[in-house]
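> Chains as they are written, first to last, in UniProt numbering: chain A, 1 to 278; chain B, 1 to 278; chain C, 1 to 278; chain D, 1 to 278.
The beta carbon of each residue, even a glycine, is placed where N, CA and C say it ideally should be.
This structure is a prediction, so every number in the text was calculated from the model and none was measured.
Attaching a single structure in structure tokens format; questions to follow.
Protein chains: 4
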Amino acid sequence: MCRWLAYSGSPLRLHALLFETQNSLINQSLACQRASVATNGDGFGVGWYGTQKKPGLYRDIRPAWNDDNLRSLAEQIESPLFFAHVRASTGTATTRQNCHPFRHDNWLFMHNGRIGGYDKVRRCLEFQIPEALYNERIGTTDSEIIFMLLIGNGLLSDPADAYRKTIADIETAMQAQGVTEPLRLTACATDGERLYAIRYSSDQAAPTLFYAQGQQVQVENGTCAFTEGAGSVLVLSEPLDRSDACWNEVPEGYFLTAIGDRVTLQPVVPAEPISAVA
Amino acid sequence: MCRWLAYSGSPLRLHALLFETQNSLINQSLACQRASVATNGDGFGVGWYGTQKKPGLYRDIRPAWNDDNLRSLAEQIESPLFFAHVRASTGTATTRQNCHPFRHDNWLFMHNGRIGGYDKVRRCLEFQIPEALYNERIGTTDSEIIFMLLIGNGLLSDPADAYRKTIADIETAMQAQGVTEPLRLTACATDGERLYAIRYSSDQAAPTLFYAQGQQVQVENGTCAFTEGAGSVLVLSEPLDRSDACWNEVPEGYFLTAIGDRVTLQPVVPAEPISAVA
Amino acid sequence: MCRWLAYSGSPLRLHALLFETQNSLINQSLACQRASVATNGDGFGVGWYGTQKKPGLYRDIRPAWNDDNLRSLAEQIESPLFFAHVRASTGTATTRQNCHPFRHDNWLFMHNGRIGGYDKVRRCLEFQIPEALYNERIGTTDSEIIFMLLIGNGLLSDPADAYRKTIADIETAMQAQGVTEPLRLTACATDGERLYAIRYSSDQAAPTLFYAQGQQVQVENGTCAFTEGAGSVLVLSEPLDRSDACWNEVPEGYFLTAIGDRVTLQPVVPAEPISAVA
Amino acid sequence: MCRWLAYSGSPLRLHALLFETQNSLINQSLACQRASVATNGDGFGVGWYGTQKKPGLYRDIRPAWNDDNLRSLAEQIESPLFFAHVRASTGTATTRQNCHPFRHDNWLFMHNGRIGGYDKVRRCLEFQIPEALYNERIGTTDSEIIFMLLIGNGLLSDPADAYRKTIADIETAMQAQGVTEPLRLTACATDGERLYAIRYSSDQAAPTLFYAQGQQVQVENGTCAFTEGAGSVLVLSEPLDRSDACWNEVPEGYFLTAIGDRVTLQPVVPAEPISAVA
Numbered sequence: 001m002c003r004w005l006a007y008s009g010s011p012l013r014l015h016a017l018l019f020e021t022q023n024s025l026i027n028q029s030l031a032c033q034r035a036s037v038a039t040n041g042d043g044f045g046v047g048w049y050g051t052q053k054k055p056g057l058y059r060d061i062r063p064a065w066n067d068d069n070l071r072s073l074a075e076q077i078e079s080p081l082f083f084a085h086v087r088a089s090t091g092t093a094t095t096r097q098n099c100h101p102f103r104h105d106n107w108l109f110m111h112n113g114r115i116g117g118y119d120k121v122r123r124c125l126e127f128q129i130p131e132a133l134y135n136e137r138i139g140t141t142d143s144e145i146i147f148m149l150l151i152g153n154g155l156l157s158d159p160a161d162a163y164r165k166t167i168a169d170i171e172t173a174m175q176a177q178g179v180t181e182p183l184r185l186t187a188c189a190t191d192g193e194r195l196y197a198i199r200y201s202s203d204q205a206a207p208t209l210f211y212a213q214g215q216q217v218q219v220e221n222g223t224c225a226f227t228e229g230a231g232s233v234l235v236l237s238e239p240l241d242r243s244d245a246c247w248n249e250v251p252e253g254y255f256l257t258a259i260g261d262r263v264t265l266q267p268v269v270p271a272e273p274i275s276a277v278a
Numbered sequence: 001m002c003r004w005l006a007y008s009g010s011p012l013r014l015h016a017l018l019f020e021t022q023n024s025l026i027n028q029s030l031a032c033q034r035a036s037v038a039t040n041g042d043g044f045g046v047g048w049y050g051t052q053k054k055p056g057l058y059r060d061i062r063p064a065w066n067d068d069n070l071r072s073l074a075e076q077i078e079s080p081l082f083f084a085h086v087r088a089s090t091g092t093a094t095t096r097q098n099c100h101p102f103r104h105d106n107w108l109f110m111h112n113g114r115i116g117g118y119d120k121v122r123r124c125l126e127f128q129i130p131e132a133l134y135n136e137r138i139g140t141t142d143s144e145i146i147f148m149l150l151i152g153n154g155l156l157s158d159p160a161d162a163y164r165k166t167i168a169d170i171e172t173a174m175q176a177q178g179v180t181e182p183l184r185l186t187a188c189a190t191d192g193e194r195l196y197a198i199r200y201s202s203d204q205a206a207p208t209l210f211y212a213q214g215q216q217v218q219v220e221n222g223t224c225a226f227t228e229g230a231g232s233v234l235v236l237s238e239p240l241d242r243s244d245a246c247w248n249e250v251p252e253g254y255f256l257t258a259i260g261d262r263v264t265l266q267p268v269v270p271a272e273p274i275s276a277v278a
Numbered sequence: 001m002c003r004w005l006a007y008s009g010s011p012l013r014l015h016a017l018l019f020e021t022q023n024s025l026i027n028q029s030l031a032c033q034r035a036s037v038a039t040n041g042d043g044f045g046v047g048w049y050g051t052q053k054k055p056g057l058y059r060d061i062r063p064a065w066n067d068d069n070l071r072s073l074a075e076q077i078e079s080p081l082f083f084a085h086v087r088a089s090t091g092t093a094t095t096r097q098n099c100h101p102f103r104h105d106n107w108l109f110m111h112n113g114r115i116g117g118y119d120k121v122r123r124c125l126e127f128q129i130p131e132a133l134y135n136e137r138i139g140t141t142d143s144e145i146i147f148m149l150l151i152g153n154g155l156l157s158d159p160a161d162a163y164r165k166t167i168a169d170i171e172t173a174m175q176a177q178g179v180t181e182p183l184r185l186t187a188c189a190t191d192g193e194r195l196y197a198i199r200y201s202s203d204q205a206a207p208t209l210f211y212a213q214g215q216q217v218q219v220e221n222g223t224c225a226f227t228e229g230a231g232s233v234l235v236l237s238e239p240l241d242r243s244d245a246c247w248n249e250v251p252e253g254y255f256l257t258a259i260g261d262r263v264t265l266q267p268v269v270p271a272e273p274i275s276a277v278a
Numbered sequence: 001m002c003r004w005l006a007y008s009g010s011p012l013r014l015h016a017l018l019f020e021t022q023n024s025l026i027n028q029s030l031a032c033q034r035a036s037v038a039t040n041g042d043g044f045g046v047g048w049y050g051t052q053k054k055p056g057l058y059r060d061i062r063p064a065w066n067d068d069n070l071r072s073l074a075e076q077i078e079s080p081l082f083f084a085h086v087r088a089s090t091g092t093a094t095t096r097q098n099c100h101p102f103r104h105d106n107w108l109f110m111h112n113g114r115i116g117g118y119d120k121v122r123r124c125l126e127f128q129i130p131e132a133l134y135n136e137r138i139g140t141t142d143s144e145i146i147f148m149l150l151i152g153n154g155l156l157s158d159p160a161d162a163y164r165k166t167i168a169d170i171e172t173a174m175q176a177q178g179v180t181e182p183l184r185l186t187a188c189a190t191d192g193e194r195l196y197a198i199r200y201s202s203d204q205a206a207p208t209l210f211y212a213q214g215q216q217v218q219v220e221n222g223t224c225a226f227t228e229g230a231g232s233v234l235v236l237s238e239p240l241d242r243s244d245a246c247w248n249e250v251p252e253g254y255f256l257t258a259i260g261d262r263v264t265l266q267p268v269v270p271a272e273p274i275s276a277v278a
């Protein structure tokens, strides 16, 4: 499994959330608290929005904890919306192309989870990638496929529906191949303005998902605090500190939208994909 | 384009052919003599046969000229059959998985050339990869696809025929997509016993291919010499020294088989693939 | 040898100077025009000033021409003062720590050249690094030593004098060890406000150095143009295009200072270091 | 801290000891059992003796657990004497040059531990490296310095005495700088024939050291077994399986010599270095 965080709000230096808290993402790369695999050392990535629509992307195959470049970028870059991800491979190679986040035009996507029986359904799912997107398939992960299916299923116009359809596509393919392992999907996409996250699994064991919000986030003495108000939101795999003050857990089976000052949750309820297929 | 060499014969330290000649493969990585692109710095790889049927593989993304590990392995490893390749990317990413040679069971394959209009035919050709092989597709190059199509077309039983069919498959796909750029293919495959090489293009401009043979190869003062007799053969992109004594050029459109002490050449003559399809 | 450029002036996206000109630094990494070694593929680095006094640093061991991260950072980062360097090793290892620029507090330094007989003088020169700086020695190049000697010799208060003293220190050490190879030094340092460059050698064969200036630099159709006026300056190893319009060559043996709108040149004239020692 | 193993005996494929046991070195890279830091993901290395006096060396900066090259080399290489090491940095950079083992002519050396207050004593200790060896200093670790001091102190003729003198040198330097952190040193050197290991610390908290011996080592179902007799020996940081059958712990403060069929232990008893200095 992996760990990730997405931030949207007042421009913030990446360093604060990546390096400065007790359970910072960098610390999670070495030893995270709430996942089956503790070490997330198979590469990492950050994506951020600057003055252009196209976000920047820095991904590398080293463990995040020993990358001086990441530290320097995190010190320099201030951004109103950024993604960061530390990877624990579920089988595919450690290449930059397999590191999250993935980018398509002004969109970013990152993921923690896995498609059960990926070896059995990979070919079928790759063939469902829209032809126009096919050459953007530059890696080999299940996560990159999910992103492309999402785009094909209307991510740009109706993210909640795109998640539903993509889950249905994947579960249909898994069922067709007799896969019994689960689909688990705790992911986040953004168009540079809103965050669209999901916590879903086919076996009620989706990786954790949390959020916190307020007017501004402040990191002091390793602890994260949000000032009263609205405008900033953090969506992430697990809390960044040991305090319970600000963290809200997203329940299994829910879809989250964060639009600057408002977080909304709605059940995923996939449109009965399996019976629809049989 | 890339540069490569394949050796079969008396066990030989890789170092002799990779590092010790005037125009050694390592020197070619920095500045080769007979190709449109002089620098082959987008990764490299060696494959070699030891005491097992499965060959060893060492590939990395650095330029070959500054890799201490390659130097050390080349000093240590003696092998009766090995491949070495320095890469100049034609567009796909610099990852280990995109470096040659590629391996399938006891087989190795490497390539210099390109499928014209790869962006247009990639999807179609990936779908022609045999299903049983699909999960061995761990990179994104056209070269890896060619290897998989070769296997699907009978490489293991009739290499010459597999090359012919694969060329037909690729040219058919290119024609279907209206690709006007050429297919160029100077490649080599081996099962650990024989070398099966080809120099082919759809526009009479295939990358060069040479061979040399004799009882034993000797490298002295930067020059390669083969002693009288049979038993060792070298098939490669370009001569390793400035002497013309031992190097034979393979003509465009020819298929080469090297079986220890005998090199045979036969025309490729693709079986009129295009009209057969129309 | 290496290639580098330093820019100071109106905030500019790195991409313009690194990627968009005919003879851009990235093109120079693959094949530069005016150096003894054409390929600069042994790593690269960029250093830039943002909103803090401490500059950012991104260095990696890949050739610059195939690094997607560099491309993305260059697209995102706008800076009023930045350094970029592509490296051709003169013997030391390809590690990030050996890539330029080097950083000390708010200072950056980069270099093209070499200390002749470095193997013979390295130990002596390392012992001349000020003790307080010694743990900042994290690589093994002669260039990093030069930077530390410069700091020890007063770079922060009188750069021209620091260059003179450092040249004297190095030439003294070379003479003491009987080194006959030359010292060659085409380098640039900055405190984030001014550029302090030098073109010097002990054998009248220093690597080239150029500059161009104007109100603003504009890159169009692969060509660099400076608008009339003052405010922006570019100091670099070789011109970025084939036009001769804007490039001025710095003569051998000169020290250059660029202070926003003014470039001044003065002879280095080392303070007769050699006779002083004998 | 790090983890390592040294094998000497009947030629053995590296794969058996690196990959096949319950607590294999590769598993230890992800999560070792008996160290303060569980993850050893800051690079790795193997050194092995083949048909030449000079050993082979393969080191890289990735975590050992996700390196396909290491897996392939371990499958191919059979050797009568090899070292393997997984690294957890104690502060110095993750470069190949900082990965163990280190090589000098026909010697290899690797280490787990640290020189307390290294920042304070590094300069002093580097100046004690014999001048003739100085240019072999290509990294920045304390471990590489220890190896060079050992050579300077007679490692090639009297290893036990060289360890003693080197410990004295280091402790003298630490004392001179007022360092209060301990020296900890669990290391192994070899000339290609004998293993010279040590478990020492200045605070009675040296990293663990174990050995096992017999006629041959056999790995089955994840467990290591030694057949009755002599000829093979394994010296290592921690047992490779959960069985207690074959593993002997080396007590703190002991020096171990393994000469094919015989393991001897003797107390280190440094020659009262500290009082000698005061």
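Express the C-alpha separation of D/Asn66 and A/Phe44 in angstroms, rounding to a whole number.
The residue given as residue 44 of chain A occupies position 44 in the first sequence. The residue given as residue 66 of chain D occupies position 66 in the fourth sequence. C-alpha separation (whole angstroms): 14 Å.
> When we look at the beta-carbon of A/Ile151 and count the other beta-carbons within 10 Å, is it buried (16 or more) or exposed?
The residue labelled residue 151 of chain A in the question sits at position 151 within the first sequence. Per the 10 Å Cβ criterion, buried.
> Would you say C/Pro273 lies against chain D (beta-carbon separation less than 7 Å)?
As a working note, residue 273 of chain C is residue 273 in the third sequence. Residue placement at C/Pro273 is flagged as unreliable, the pLDDT there being 44, under the threshold of 50; the coordinate-derived value follows with that caveat. Judged by the 7 Å Cβ criterion, C/Pro273 is not in contact with chain D.
> Rounded to whole angstroms, what's the CA-CA distance from B/Gln204 to D/Thr51? Just pull it up for me.
Against the second sequence, residue 204 of chain B aligns to sequence position 204. Against the fourth sequence, residue 51 of chain D aligns to sequence position 51. The straight-line gap from Cα to Cα measures roughly 46 Å.
> What residues of chain B sit near C/Asn66, judged by a beta carbon separation below 7 Å?
Residue numbering aside, residue 66 of chain C sits at position 66 when the third sequence is read from its first letter. Under the 7 Å cutoff, chain B gives Asp42, Ser89 and Thr94.
> In three-state DSSP terms, what is A/Leu5?
By one-based count along the first sequence, residue 5 of chain A stands at place 5. Note: A/Leu5 maps to strand in three-state DSSP.
> Could you tell me the alpha carbon to alpha carbon distance between D/Ser232 and D/Leu70, rounded to whole angstroms?
Indexing the fourth sequence from 1 puts residue 232 of chain D at position 232. Indexing the fourth sequence from 1 puts residue 70 of chain D at position 70. Approximately 23 Å between the Cα atoms of the pair.
> Assign D/Val121 to one of three DSSP states: helix, strand, or coil.
The count along the fourth sequence starts at 1 and reaches residue 121 of chain D at position 121. D/Val121 falls in the helix class under three-state DSSP.
> When you compare only the Cα positions, how much space is there between B/Ala276 and B/Lys165?
Here residue 276 of chain B corresponds to residue number 276 of the second sequence, with the count starting at 1. Here residue 165 of chain B corresponds to residue number 165 of the second sequence, with the count starting at 1. With a pLDDT of only 35 at B/Ala276, under the threshold of 50, the placement of this residue in the model should not be trusted, and no figure is reported.
> Starting from C/Ile198, trace the beta strand (DSSP E) in both directions and tell me its first and last residue.
Along the third sequence, read from residue 1 onward, the residue named residue 198 of chain C stands at position 198. Note, C/Ile198: beta strand (DSSP E), Leu195 to Ser201.
> Thinking B/Ala84 and B/Leu14 are a contact (beta carbons under 8 Å), I'd like their distance in whole angstroms, please.
If you number the second sequence from 1, residue 84 of chain B lands on position 84. If you number the second sequence from 1, residue 14 of chain B lands on position 14. 7 Å between Cβ atoms; contact.
> When the distance is taken between beta carbons, is C/Ile259 closer than 7 Å to C/Arg199?
Taking the first residue of the third sequence as 1, we reach residue 199 of chain C at position 199. Taking the first residue of the third sequence as 1, we reach residue 259 of chain C at position 259. Taking 7 Å as the Cβ cut-off, C/Arg199 and C/Ile259 do not qualify as a contacting pair.
> Does the beta carbon of D/Asp119 come closer than 7 Å to any beta carbon on chain C?
Counting from one through the fourth sequence, the residue named residue 119 of chain D turns up at place 119. Yes, D/Asp119 counts as interfacial toward chain C.
> Under DSSP, the beta strand (DSSP E) around B/Tyr163 begins and ends at which residues?
Sequence index remark: in the second sequence, residue 163 of chain B carries index 163 (1-based). Not the beta strand (DSSP E): B/Tyr163 falls in the alpha helix (DSSP H), residues Pro159 to Ala176.
> For A/Pro267, which residues in the same chain have their Cβ closer than 7 Å to its Cβ, ignoring the five residues on either side in sequence?
As a first step, residue 267 of chain A is located in the first sequence; it is residue number 267 there, counting from the start. The residues are Gly253 and Tyr254.
> In chain D, what lies closer than 9 Å to A/Arg34 by C-beta?
Mapped onto the first sequence, residue 34 of chain A falls at position 34. Under the 9 Å cutoff, chain D gives no residues; its nearest Cβ is about 17 Å from A/Arg34.
> Between A/Val121, A/Asp119, A/Lys120 and A/Ile129, which has its C-alpha nearest residue 298 of chain B's C-alpha?
Lying before the first or after the last residue shown, residue 298 of chain B is absent from chain B, which here runs from 1 to 278.
> For the pair the region 105-119 of chain A and the region 130-150 of chain A, tell me if three or more CB-CB distances fall below 8 Å.
As far as the Cβ criterion goes, the region 105-119 of chain A touches the region 130-150 of chain A, which means the pair count is three or higher.
> Apply the 10 Å Cβ neighbour rule to C/Thr94 and answer buried if 16 or more other Cβ atoms are within range, or exposed otherwise.
Numbered from 1 along the third sequence, position 94 holds the residue referred to as residue 94 of chain C. The residue is buried, with at least 16 neighbouring Cβ atoms inside 10 Å.
> Please report the Cβ distance between A/Ser237 and A/Thr208, rounded to the nearest whole angstrom; I am assuming they are in contact, meaning their Cβ atoms lie under 8 Å.
Locating residue 237 of chain A in the first sequence gives position 237, where the first residue counts as 1. Locating residue 208 of chain A in the first sequence gives position 208, where the first residue counts as 1. Correct: roughly 6 Å between the Cβ atoms.
> Label C/Asn153 either buried or exposed according to how many other C-beta atoms from any shown protein chain fall within 10 Å of its C-beta, with 16 as the threshold for buried.
One-based indexing of the third sequence puts residue 153 of chain C at position 153. When all chains shown are included, C/Asn153 counts as buried.
> So what's A/Asp142 in DSSP terms, helix, strand or just coil?
As a working note, residue 142 of chain A is residue 142 in the first sequence. Looking at A/Asp142 - three-state DSSP - the assignment turns out to be helix.
> Keeping to the same chain, check which residues put their C-beta closer than 6 Å to that of D/Thr39; ignore five residues upstream and five downstream.
Working through the fourth sequence from its first residue, we reach residue 39 of chain D at position 39. Taken in chain order, the list of residues that qualify is empty.
> Cβ of D/Thr227 within 7 Å of Cβ of D/Ser243?
By 1-based counting over the fourth sequence, the position of residue 227 of chain D is 227. By 1-based counting over the fourth sequence, the position of residue 243 of chain D is 243. The answer is no: Cβ separation not under 7 Å.
> Where D/Ser180 and D/Phe210 are concerned, what is the direct C-alpha to C-alpha distance, given to the nearest angstrom?
The residue you call residue 180 of chain D lines up with position 180 of the fourth sequence. The residue you call residue 210 of chain D lines up with position 210 of the fourth sequence. In the sequence as displayed, the identity of residue 180 of chain D is Thr instead of Ser. Near 28 Å, if we compare the C-alpha coordinates of D/Phe210 and D/Thr180.
> Among the residues of its own chain, which have a CB less than 6 Å from the CB of B/Leu125, if the five just before and after it don't count?
Residue 125 of chain B sits at position 125 when you count from the first residue of the second sequence. For B/Leu125, where only same-chain residues beyond five positions count, the Cβ hits under 6 Å are Ile145 and Ala173.
> Let me make sure I understand the geometry here. Which of C/Cys188, C/Tyr118, C/Thr141 and C/Ala160 has the alpha-carbon closest to that of C/Gln177?
By one-based count along the third sequence, residue 177 of chain C stands at place 177. The shortest C-alpha separation from C/Gln177 is found at C/Tyr118.
> Do we get a CB-CB distance below 7 Å when we pair C/Thr39 with the residues of chain B?
Against the third sequence, residue 39 of chain C aligns to sequence position 39. True, the Cβ-Cβ gap to chain B drops below 7 Å.
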